[in-house]
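Residue numbers (my numbering): 43 to 562.
Contents: one structure, followed by commentary.
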Amino acid sequence: MKKLLAILALTLSAGMAVGQVTEDFESGTKTAYAAADVTLGSGTWTLTDALLGTTASDRFNGTKSVRLRNGSLTMKFNASTAGTVSVYHALYGSDASQTWKLQQSIDDGANWTDVGSAVTTSSTSLAQVSFVVDLNSPVRFQIVKTSGGTTRINIDDFSITAFGANTAPSITDVARTAYIPEPVDNLTVTSTITDNGSISAAYLRYTINGGEIDSSLATNTSGSSYSATISSELISDGDFVVYSYSALDNLGAYSKSTDSKVFVGTTSISTLRVNDMNGLNVYNNSVARIVGTASFPNGVTSATNMDWYLQDESAGINIFKFGDASFPVEIGTKYTVSGVVTPFNGRLEIVPSSTSNIVNSGSGILPDPTTVVVPSVAGFLASPEDYEGELASFKNVQISSGTWPATSTFVTTLLVSDDGGVNSIALYINTTTGGIEQVGTFDVVGIIRQDDNTSPFNAAYQIVPRSADDFYPANTLPVELASFTASAFGSGAKLVWSTKTEQNNAGFEVERKTTGNWTS
Ligand SMILES: [Ca+2]
Ligand SMILES: [Ca+2]
Ligand SMILES: [Ca+2]
């Protein structure tokens, strides 16, 4: 194994020397979208409605990439020849899928023609795409957005090989056979690997829970298709697996695919909620399956997109998906959700690719959907990230800034405080939730949402009630039932209930009636 890794390391540098033009977008600075030239390592480029992005929502290798909105990035110099053009692309932030194309000019940028077909970017993981050009004369290139309007993509590591040069293997279509690998099954990953010569070896490289890199030899199953597995004996429920394909060609040129990241089986929500020192979630772009109870309904905060919350015994998380704003979600029902771990403005989301990845599992016993009773606004502000995504209750607050809107068609944010305005938190209300004006002191229940677009993402938390029923007179926040079921039990009846919140509650009194009045 050590020998293999040494060979891979040596050939990595050999492979990189092949490129005639390589641009990693690391050396320039451009912070505004307005069209301007920027001097980069390879030469001068014109970025039109594009900038060099460095934020947590940008996807890049290194520390920068181009963030392209509705424009283009264009070389202002020629490559002397061109064999293959390769480029990495990914969606910016949570932007929707969009398309772009590569164009070439053989007359110093006077006229442009398309190279290959338009490319659709639909993933938030950087993926490489290659275009065969094979032109033995000077040529320059540009990338132009062709759809998506003001949605954005990131472009990185643009490279042009010389005409006739050996190119490293192209690895595409890296795919797991199971979206969520189960601990009892081998984790099988397939890929397509092509080369201008031939492939001498291909491997699946992986780490489990951040351990040492291991690899398993890939089998050439047919044509350019490869398959490799990680044994089920190596993986358990909740394990975090990072893997990629690597390949060597007959001349020793080496390629590696971008990393894929997945949690095996079912993962607790708190496992996913780990941020680094800059407030960036360390599992960004991983795929995970979670099981919990719906704590916030769909359709309250967005008329166009799915936006609700799921909470398990450990923590809460936002479930977000473009479209499907009317997908039915019942508070208190258990759901199994699989999707991509995606931080957005400090808010941790699971983004399912389809509603088929949201399964109502409500017939089982509900996990206890504990509503966190916040000790005080000051207590909340001491560690707000502990509450983000969870249903929380605040007692004895007053509006400390802003005025309850007069109309019933509003979205507004007020500040509320329980200590006369010394410490305050935002209260988000809209048509659904703000129907009853709160005067004086009151209690309120809501999800803790975050909307902070600046690292380290430790500000801009707000309470978002689920409906007008989430407001209560001061210090009277009552018991909220999460579930109540009755079933035959011998000649009697078995009653099972769980609560979301209990304030000032002495206990429960069960009454029954056959005919006439209720009796204890
Ligand atoms: Ca870069
Ligand atoms: Ca080759
Ligand atoms: Ca957060």
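Beta carbons: idealized from backbone N, C-alpha and C, even for Gly.
Predicted model, so just to flag it, every value in this text is computed and none were measured.
Q: Kindly indicate which three-state DSSP category D199 falls into: helix, strand or coil?
A: Here residue 199 is taken as the residue at index 157 of the sequence shown, counted from 1. Judged by DSSP in its simplified three-state form, D199 adopts strand.
Q: Taking only heavy atoms of ligand 2 into account, decide whether any of them is closer than 8 Å to the Cβ of G125.
A: Walking along the sequence shown from the start, residue 125 turns up at place 83. Taking non-hydrogen atoms of ligand 2 into account, the C-beta of G125 is found less than 8 Å away from none of them.
Q) Which residues in the same chain have their Cβ closer than 7 Å to the Cβ of L82, if we skip the five residues on either side of it in sequence? A) For the purposes of this step, residue 82 is identified with residue 40 of the sequence shown, where counting begins at 1. Contacts found: E65, F67, S69 and G70.
(Q) Just to confirm, is the Cβ distance from D301 to I241 under 9 Å? (A) Indexing the sequence shown from 1 puts residue 301 at position 259. Indexing the sequence shown from 1 puts residue 241 at position 199. Contact: no.
Q) Is there contact between the segment 217 to 225 and the segment 158 to 171, where contact requires at least three CB pairs shorter than 8 Å? A) Contact fails: fewer than three Cβ-Cβ distances are below 8 Å.
Q) Over what stretch of residues does the alpha helix (DSSP H) that includes G421 continue unbroken? A) Mapped onto the sequence shown, residue 421 falls at position 379. G421 -> alpha helix (DSSP H) spans V419 to A424.
Q.
Starting from I241, trace the beta strand (DSSP E) in both directions and tell me its first and last residue.
A. What you label residue 241 is simply residue 199 of the sequence shown in a count that begins at 1. Taken as a continuous stretch (DSSP letters only), the beta strand (DSSP E) holding I241 covers I241 to I250.
Q: Tell me whether D279 counts as near ligand 1, meaning its Cβ is closer than 8 Å to at least one heavy atom of that ligand.
A: On the sequence shown, residue 279 is found 237 positions in, with the first residue counted as 1. Every heavy atom of ligand 1 is 8 Å or more from the Cβ of D279, so no.
Q.
So, with DSSP's three-state summary, where would you put E275?
A. For this step, residue 275 is matched to residue 233 along the sequence shown. In this structure, DSSP gives E275 a helical state, which the three-state scheme calls helix.
Q: Identify whether L229 lies in helix, strand or coil by the three-state DSSP scheme.
A: Within the sequence shown, the letter at position 187 stands for residue 229. L229: strand per DSSP, three-state reduction.
**Q.** ligand 1 site residues, beta-carbon cut 7 Å against heavy atoms
**A.** Contact residues of ligand 1 (beta-carbon closer than 7 Å to any heavy atom; chain order) are D66, F67, E68, F102, N103, G104, T105, K106, S107, D198 and D199.
Q.
Once DSSP output is grouped into helix, strand and coil, what is the label at Q62?
A. As a first step, residue 62 must be located in the sequence shown, where it is residue number 20. DSSP places Q62 in strand when its eight states are reduced to three.
Q: Using a threshold of 9 Å, state whether the C-beta atoms of G388 and G321 are closer than that.
A: Within the sequence shown, the letter at position 346 stands for residue 388. Within the sequence shown, the letter at position 279 stands for residue 321. G321 is positioned such that its CB atom lies closer than 9 Å to that of G388.
Q: Report the option in G463, G125, Y130 and R194 whose CA atom is closest to the CA atom of G113.
A: Mapped onto the sequence shown, residue 113 falls at position 71. It is R194.
Q: Kindly list the residues whose CB is nearer than 8 Å to the CB of S310, restricted to its own chain and excluding five residues on each side of it in sequence; keep chain order.
A: Numbered from 1 along the sequence shown, position 268 holds the residue referred to as residue 310. Correct list, in chain order: G280, I332, D354, E355, S356 and A357.
Q.
Taking the straight line between their C-alpha atoms, what separation do you get for F369 and Y268?
A. Within the sequence shown, numbered from 1, the residue matching residue 369 stands at position 327. Within the sequence shown, numbered from 1, the residue matching residue 268 stands at position 226. Cα to Cα, F369 sits roughly 38 Å from Y268.
Q) Nearest-angstrom Cα distance between L93 and G135? A) As a working mapping, residue 93 is identified with position 51 in the sequence shown. As a working mapping, residue 135 is identified with position 93 in the sequence shown. Pairing L93 with G135, the inter-Cα distance amounts to about 15 Å.
(Q) Can you give me the C-alpha to C-alpha distance between W142 and S212, rounded to a whole angstrom? (A) Counting from 1 along the sequence shown, the entry for residue 142 is found at position 100. Counting from 1 along the sequence shown, the entry for residue 212 is found at position 170. Per the coordinates, the alpha-carbon of W142 lies some 20 Å from the alpha-carbon of S212.
(Q) Threshold first: 4 residues or longer. Then list the alpha helix (DSSP H) segments lying entirely within the segment 290 to 370, N to C. (A) If we require 4 residues or more, the alpha helix (DSSP H) runs fully inside the segment 290 to 370 come out as 311 to 314.
Q: Out of V80, T105, L115 and S99, state which residue places its alpha-carbon closest to the alpha-carbon of D91.
A: Along the sequence shown, one-based indexing puts residue 91 at 49. Of the candidates V80, T105, L115 and S99, the one whose C-alpha sits nearest the C-alpha of D91 is L115.
Q | Per-residue burial, F362 [other beta carbons within 10 Å of its own, 16 or more giving buried] | A | For the purposes of this step, residue 362 is taken as residue 320 along the sequence shown, with counting starting at 1. Label assigned to F362: buried.
Q. Three-state secondary structure (DSSP) at P409?
A. Position 367 of the sequence shown, counted from the first residue, corresponds to residue 409. Model confidence at P409 stands at a pLDDT of 44, short of 50, so the residue's coordinates are unreliable and nothing is read from them.
Q) Who are the near neighbours of D494 in its chain, counting only those whose CB is closer than 6 Å to its CB and skipping five residues on each side? A) Taking the sequence shown and counting its residues from 1, the one referred to as residue 494 is at position 452. N387, G388, A501 and A502, listed in sequence order.
Q.
I'd like the ranges of any alpha helix (DSSP H) spanning at least 4 consecutive residues and lying wholly in the segment 85 to 164.
A. Within the segment 85 to 164, no complete alpha helix (DSSP H) run reaches 4 residues.
Q. Roughly how many angstroms separate the alpha carbons of Y130 and F200, rounded to a whole number?
A. Within the sequence shown, numbered from 1, the residue matching residue 130 stands at position 88. Within the sequence shown, numbered from 1, the residue matching residue 200 stands at position 158. About 7 Å.
Q. Going along the chain, which residues of its own chain have a beta-carbon closer than 8 Å to the beta-carbon of T105, five neighbours each way excluded?
A. Counting from one through the sequence shown, the residue named residue 105 turns up at place 63. For T105, where only same-chain residues beyond five positions count, the Cβ hits under 8 Å are E68 and T96.
(Q) Going by DSSP, what residue range makes up the beta strand (DSSP E) through L82? (A) Taking the sequence shown and counting its residues from 1, the one referred to as residue 82 is at position 40. Membership of L82 in any beta strand (DSSP E) is not indicated, and neither H nor E is assigned to it by DSSP.
Q) Exposed or buried, which one is G191 when buried takes at least 16 other CB atoms within 10 Å? A) Position 149 of the sequence shown, counted from the start, is the residue given in the question as residue 191. Flag for G191 reads exposed.
Q) Exposed or buried, which one is I185 when buried takes at least 16 other CB atoms within 10 Å? A) If you number the sequence shown from 1, residue 185 lands on position 143. In summary, I185 is buried, with 16 or more beta-carbon neighbours lying within 10 Å of its beta-carbon over all protein chains present.
Q) With distances taken between CB atoms, is the gap from L229 to A217 smaller than 9 Å? A) By 1-based counting over the sequence shown, the position of residue 229 is 187. By 1-based counting over the sequence shown, the position of residue 217 is 175. Between L229 and A217, the C-beta spacing is not below 9 Å.
Q. Would the C-beta of L322 count as close to ligand 2, meaning under 8 Å from any of its heavy atoms?
A. Numbered from its first residue, the sequence shown carries residue 322 at position 280. Look at L322: its beta carbon is at least 8 Å from all of the heavy atoms in ligand 2.
Q. So S203 packs on D215, CB below 8 Å; how close in whole Å?
A. Locating residue 203 in the sequence shown gives position 161, where the first residue counts as 1. Locating residue 215 in the sequence shown gives position 173, where the first residue counts as 1. Position check: residue 203 holds Thr in this sequence, whereas Ser was assumed. About 21 Å separates the Cβ atoms of T203 and D215, ruling out a contact at the 8 Å cut-off.
Q: Label M319 either buried or exposed according to how many other C-beta atoms from any shown protein chain fall within 10 Å of its C-beta, with 16 as the threshold for buried.
A: On the sequence shown, residue 319 is found 277 positions in, with the first residue counted as 1. With fewer than 16 other CB atoms across the displayed protein chains lying within 10 angstroms of its CB, M319 is exposed.
Q | Rounded C-alpha distance that separates D374 from A448 | A | Residue mapping note: residue 374 aligns to position 332 of the sequence shown, counting from 1. Residue mapping note: residue 448 aligns to position 406 of the sequence shown, counting from 1. Note that residue 374 corresponds to Gly in the displayed sequence, not to Asp. The alpha-carbon separation between G374 and A448 amounts to approximately 32 Å.
Q) When you compare only the Cα positions, how much space is there between V316 and R247? A) Here the question's residue 316 lines up with position 274 in the sequence shown. Here the question's residue 247 lines up with position 205 in the sequence shown. Each residue's CA atom was taken as its position, placing V316 and R247 some 24 Å apart.
Q: Could you tell me how far apart the beta carbons of Y287 and A260 are, in whole angstroms, since I believe they sit closer than 8 Å?
A: For the purposes of this step, residue 287 is identified with residue 245 of the sequence shown, where counting begins at 1. For the purposes of this step, residue 260 is identified with residue 218 of the sequence shown, where counting begins at 1. A Cβ-Cβ distance of about 7 Å is found for the pair Y287 and A260, placing them in contact under the 8 Å criterion.
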